[in-house]
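Residue numbers (our numbering), protein chains in the order written: chain R, 1 to 507; chain B, 508 to 1014. Heads up, the beta-carbon is just placed ideally off N, CA and C, and yes, glycines get one too. Written out below as C-alpha cells is the structure these notes cover.
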C-alpha cells in the first residue's frame, strides 16, 4: 500500500540547517556591502571612488552567484510545502528565502546588467536636467526605465500588474488596489483640512528656530538625545555625512549619520531623531535568527514607520517638547519659547516633498504614486508628465511649480528605477500613527514617561512587537493586525492630524 | 610533418586576459578584506566583534574558493612556459599568480582550517602566559605551530627545508643559506660596535624628548609632516588607533594610523613617519597593473625598507633634523635643543625588540632568526627555548631578561605561526640603507633638499625605482640589483652605522 510519504522531520531539519548556512553567508556578504556603503559616504577619500565601485561590483557578483545558486534552489524546493516540523519563524525563513530566490532568479542577467548601468548613468543625467530645468533631457532615461521595469515585472510574475510586482520589492504584499483604497481616503481627508488651515488657521510663531546655532553644540545635543532614546553606541556609531542615513553591517554594528545646519535647528534635530528610529529597528533585531531572512526589516514602509514613530509621534508631541526644552535650554540658553506649536508649524507653500511636514507630505506622495502607477499601466505617457504633475500639484496642494526643476524633476527615485518606493514614506507615517495610538492604550502613563525623558518602556514594547519580529509576517497589514489588532486604517491617521492641528491652528 | 606548435600570440593574449579578470576579482575582494580590517581597528564598535569575525570568515572563504578555482589553475598551466608574446610585466603576472596558486592549493584544507583556529586561540594563551611569565603555558601551542608549519611546508615543497618554505611566504626568494651569510656578517660587525659605544661612547642628551607634549599638537605636527613627505589625503586617510598600522583597500584608498603619547615625543613622530613610508609605497603602485599580482608589494622586507627609509635614513639624518626643528619649534616652542644626536641615542639596556634602536635591533632579529630556524630543523627543542633565548641575549646584547615574560615571551609572532617573519624587519633596514646610499649618488643635492623639506625628487625616484615596480622582480636581491647595481650588501649597512655613531658617540 503506497502513499505519499512526507519527508521525516530529521530530513527537513537537515535541509533547513543547510539552507540557513547558505543564507547566513549571503547575509554576511550583504553586511560587508553595507559597511562599504557607509564607508563610502562617511570615510572614504574622494580618489577611491573608482576602486570602490569596482570592489562593490565584484562583491555584488559574488552575492548574486550565491543568491542564485542552484543548490539553494533545490533546498528551497524540498522545503517548500507543508512544514509541520518547522516552527513559525523557521517557516517564515523558508517563505522569505523562496520569495527572494524566485525574484532574483526570474530576472534575466541582461536586465539586471542594464539596470545597474542605467542607475549609474541616470543620476548625472537627472542632475543636469534639473539644473537646466529640461525635462526633455531626462525623458529618454525615464522611458527606458519604464520599459525595463515592465519587462522585469513580467519576468517575475506575468500574472500581476507591472506596478504591483515592482511595489512588492519595497512593500512586501502591498497592492495598488489596496493603495488606491488607502490613498483616496487620505486625499479626501487631507485636501480640505489643509485648505481649512491655510484659510482660517492661526500659524504659531516658529521664527526662533531659525537663526544661528553652533553645529558642534547641535551635534552634542542630538547625540545625547539619541542615546537617551536608546541608540546603543557599543553596537553602533554616530557620524556626520552630507546625506543623513542609517546603514551598517549588522544589528551589532549599526552606523547612523546626521548633519546640522547653522541657521536651522529643526532639521538637524528631527533628522537625528528620525535616524535614531531607523537605528533602533536595526539594533533591535532578534539575534536568535541572525543572518536569516525572517530577521530582515519587514519592508521599507515598516522601516520608515520606526523612524517616523520617533521623529513625529514622539518628538513632535506635546509631552516630548518638555523633555526637549530642558535639553535645548542647556545647549542654547537663548531659546525660551514654547516649542510644541513651533515644531509643528505647517510649511506653506507646499512646494517640495523633502521639505514637507506631516500634513502636506502624504499629498506629495499620492501625486507621485498616481503618476508612477499610470506610467507602468500605460495610462500616463512620459511626455505628459510635466503637465500632469503640475495639474495634480495645483489640485492637491494648491500650488504650481515655477518650472520642471521644482516640479516633476524634484525627485530622483524613478531615475534609479524605484517605482513603488514613494508610497512607503506615507505608509510609514500611517503605520507609525496607528502603532502609537496602540502604545498609548497598552502602556499607561506613556506620555508622562515621554515628558520625563524615560523611553525604556516604549522602546522595549516596540522591540518586542516590531523590531524582534522582523519579517515574520507576510505583509504590513498582518504585522499591524498582530500589533494593533487591525490592518492599517487611514482613519486613525486622519483623526490624529485633525485633532492635533485643530488645537495648534485654533480651528 | 608534425611539430609541437606554440600557442599563437592571440590565444596567449586571450588566456592572459581571462587570467587577469580572475586575478582582479581576487584583488578587489582582498581590498574589501583590508578595509574591514582597518574599520575593525579604527571605527568598529566593540559589540560588533563577533559579527565582523563571521563576515571576515565568509569573505575569506569566498577568496579562497576563487584563489583555488580549477579554471584559474588551467589558465595558469596554459600560460606557464615560454612567454615570448607577453611583456616583462605580463610574464611577472603569470609567474606571481602561479606561485600563489601553487602555494594556496598545495595546503590541505585541514591544515588551513587548523591554522586559522590556532591563530585565534594562540593570542589569548600567549597574553596569559606572558602575564604569568609562564613559558610552559605557551609551549604546547608553540609545539603545535612548529609541527603544523613543518607539515604545511612539506605540502608546498618537500624538496626544500621547512624554514625556507615558510620564509618564502614573507620574503619571496630568500633562503636561510643567504640569511646565514648576511646575519653572521651583521652580528660580527654589530656586537663589537655596540660594546664599544657602551664602553667608551659619550651618550648625547635626549632627556628633553620626554616630558609633557599635547597629543593634539603632536597629531597636527605629524599630519603636516606626513603630507609634506607626500602622503596624499585625496587617496588615503590618517586616523588614530591603538596600534599604528598602514592598511586600506587599494592604492587609491590607503588608510594609515598613528598614536601619540603625552610623555614621549619620539614615538609618535617616528611612528608617523614610519607609517608614511609604508603608505607612500602603497599609494605609489602602478595602476596600469591594478589588481594584478605584479603590482603587489614585493615582500615584507621591501615594504619595511620603505617605512624605514623615511623613518631612519631620512628622518634620523642630520639634514632632516633642521627641517624637523623648524616644525617642532612651532608646535612646542620650549624645544630649543639640538635634535640630531638626541633622536639617535642608543637605547641601552637592550631588553625589548620593539623598543630597540637601529643599532641593537638587528641583534634581536638575529637571535629570533637563529631560534626559529632551529625549531623548524629540529636542532632546537621547544622546551630549551627559554634557556637558549637568554644565552643568546647575553651573548649578543649583554643583558639577561629578568623572566620569560621579558625574554622569549616578549613577541607573539610564532604564536601566529609566523616563522620567517622576523628577518624581514632587519632586511628592510639594510635594503633601506643601501637604497639611500644609492639615492645620494644619483640625486645630487639630496641632503640639501631634505634640509629644506623638499621631498618631491626623492619620492619620485623611489616611486619610479621601487613603488611602481611592485613584484616585477622575483626576489629582493634582484630588485636591489636593479635599483643599486648590486644585491643586498650588509657591509654598506655596517659602514653606515659605524660612521654615524662614531660621530654621535665621539668614538
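Where residue i falls: helix, strand or coil (DSSP)
i: residue 753 (chain B); result: strand
i: residue 255 (chain R); result: strand
i: residue 473 (chain B); result: Absent from the model: residue 473 (chain B). The displayed extent of chain B is 508 to 1014, so no value can be given.
i: residue 69 (chain R); result: coil
i: residue 717 (chain B); result: strand
i: residue 164 (chain R); result: helix
i: residue 469 (chain R); result: coil
i: residue 240 (chain R); result: strand
i: residue 264 (chain R); result: strand
i: residue 271 (chain R); result: helix
i: residue 462 (chain R); result: helix
i: residue 642 (chain B); result: coil
i: residue 453 (chain R); result: coil
i: residue 22 (chain R); result: helix
Proximity of residue i and residue j at Cβ, strictly below 8 Å
i: residue 754 (chain B); j: residue 1013 (chain B); result: no
i: residue 618 (chain B); j: residue 632 (chain B); result: no
i: residue 957 (chain B); j: residue 848 (chain B); result: no
i: residue 846 (chain B); j: residue 828 (chain B); result: yes
i: residue 764 (chain B); j: residue 746 (chain B); result: yes
i: residue 1020 (chain B); j: residue 930 (chain B); result: Residue 1020 (chain B) is absent from the model: chain B starts at 508 and stops at 1014.
i: residue 680 (chain B); j: residue 997 (chain B); result: no
i: residue 196 (chain R); j: residue 244 (chain R); result: no
i: residue 627 (chain B); j: residue 916 (chain B); result: no
i: residue 831 (chain B); j: residue 694 (chain B); result: no
Interface residues of chain B facing residue i [CB-CB closer than 7 Å]
i: residue 250 (chain R); result: 555, 558
i: residue 411 (chain R); result: None at all; the shortest Cβ gap to chain B is about 31 Å.
i: residue 288 (chain R); result: By Cβ distance, chain B contributes nothing, its closest Cβ being about 14 Å from residue 288 (chain R), past 7 Å.
i: residue 180 (chain R); result: Result: empty, since nearest Cβ-Cβ is about 42 Å, beyond 7 Å.
i: residue 205 (chain R); result: Correct list: empty, because the minimum Cβ distance to chain B is about 41 Å.
8 Å Cβ cut-off: residues of chain B touching residue i
i: residue 234 (chain R); result: 552, 553, 554
i: residue 36 (chain R); result: 539, 542
Outcome for residue i when other beta-carbon atoms lying within 10 angstroms are tallied against a minimum of 16
i: residue 1 (chain R); result: Summary for residue 1 (chain R): the model assigns pLDDT 43, below 50, so the residue's position carries little reliability, and this model does not support an answer.
i: residue 4 (chain R); result: Residue placement at residue 4 (chain R) is poorly supported in this model, since its pLDDT is 48, which falls under 50; the coordinates still yield a value, given next. It counts as exposed.
i: residue 11 (chain R); result: exposed
i: residue 584 (chain B); result: exposed
i: residue 517 (chain R); result: Outside the shown range of chain R, which is 1 to 507, sits residue 517 (chain R), and nothing can be said about it.
i: residue 516 (chain B); result: exposed
i: residue 836 (chain B); result: exposed
i: residue 741 (chain B); result: exposed
i: residue 61 (chain R); result: exposed
i: residue 441 (chain R); result: exposed
i: residue 255 (chain R); result: buried
i: residue 470 (chain R); result: buried
i: residue 722 (chain B); result: exposed
i: residue 152 (chain R); result: buried
i: residue 579 (chain B); result: buried
Interface partners of residue i on chain R, CB under 7 Å
i: residue 562 (chain B); result: 28, 31, 32, 249
i: residue 565 (chain B); result: 25, 28, 29
Chain R contact residues for residue i, given Cβ-Cβ distances below 8 Å
i: residue 569 (chain B); result: 29, 62
i: residue 760 (chain B); result: 44, 45, 47, 48, 51, 52
i: residue 799 (chain B); result: Neighbours of residue 799 (chain B) on chain R: none; closest Cβ ~13 Å, over 8 Å.
Residue i: contacting residues in chain B (beta-carbon distance under 9 Å)
i: residue 237 (chain R); result: 550, 551, 552
i: residue 472 (chain R); result: Result: empty, since nearest Cβ-Cβ is about 21 Å, beyond 9 Å.
Check: residue i C-beta below 7 Å from any heavy atom of the ligand PLP
i: residue 276 (chain R); result: Among the components of this structure there are no ligands whatsoever, and the ligand PLP is therefore not found.
Under 9 Å by beta carbon: chain R residues contacting residue i
i: residue 576 (chain B); result: None at all; the shortest Cβ gap to chain R is about 12 Å.
task = Could you tell me whether the stretch 283 to 296 of chain R touches the stretch 24 to 31 of chain R, where touching means 3 or more Cβ pairs closer than 8 Å?
result = yes
inquiry  = Within 8 Å, do at least three Cβ pairs link the stretch 426 to 435 of chain R to the stretch 378 to 397 of chain R?
reply    = Verdict: no, contact absent.
ask   = Would you call the stretch 216 to 226 of chain R and the stretch 267 to 286 of chain R in contact, with 3 or more CB pairs under 8 Å?
value = yes
key: Contact between the stretch 965 to 984 of chain B and the stretch 809 to 817 of chain B (3+ Cβ pairs under 8 Å)   = The stretch 965 to 984 of chain B, when compared against the stretch 809 to 817 of chain B, does touch it at the 8 Å Cβ threshold.
request  = Mind the definition here: the stretch 370 to 385 of chain R touches the stretch 342 to 352 of chain R only if three or more C-beta pairs lie below 8 Å; say whether that holds.
outcome  = Contact fails: fewer than three Cβ-Cβ distances are below 8 Å.
ask   = For the stretch 400 to 407 of chain R against the stretch 145 to 154 of chain R, are there 3 or more C-beta pairs whose distance is under 8 Å?
value = no
task = Could you tell me whether the stretch 963 to 970 of chain B touches the stretch 661 to 676 of chain B, using the rule of 3 or more Cβ pairs below 8 Å?
result = Pairwise C-beta distances place the stretch 963 to 970 of chain B out of contact with the stretch 661 to 676 of chain B, as fewer than three of them are shorter than 8 Å.
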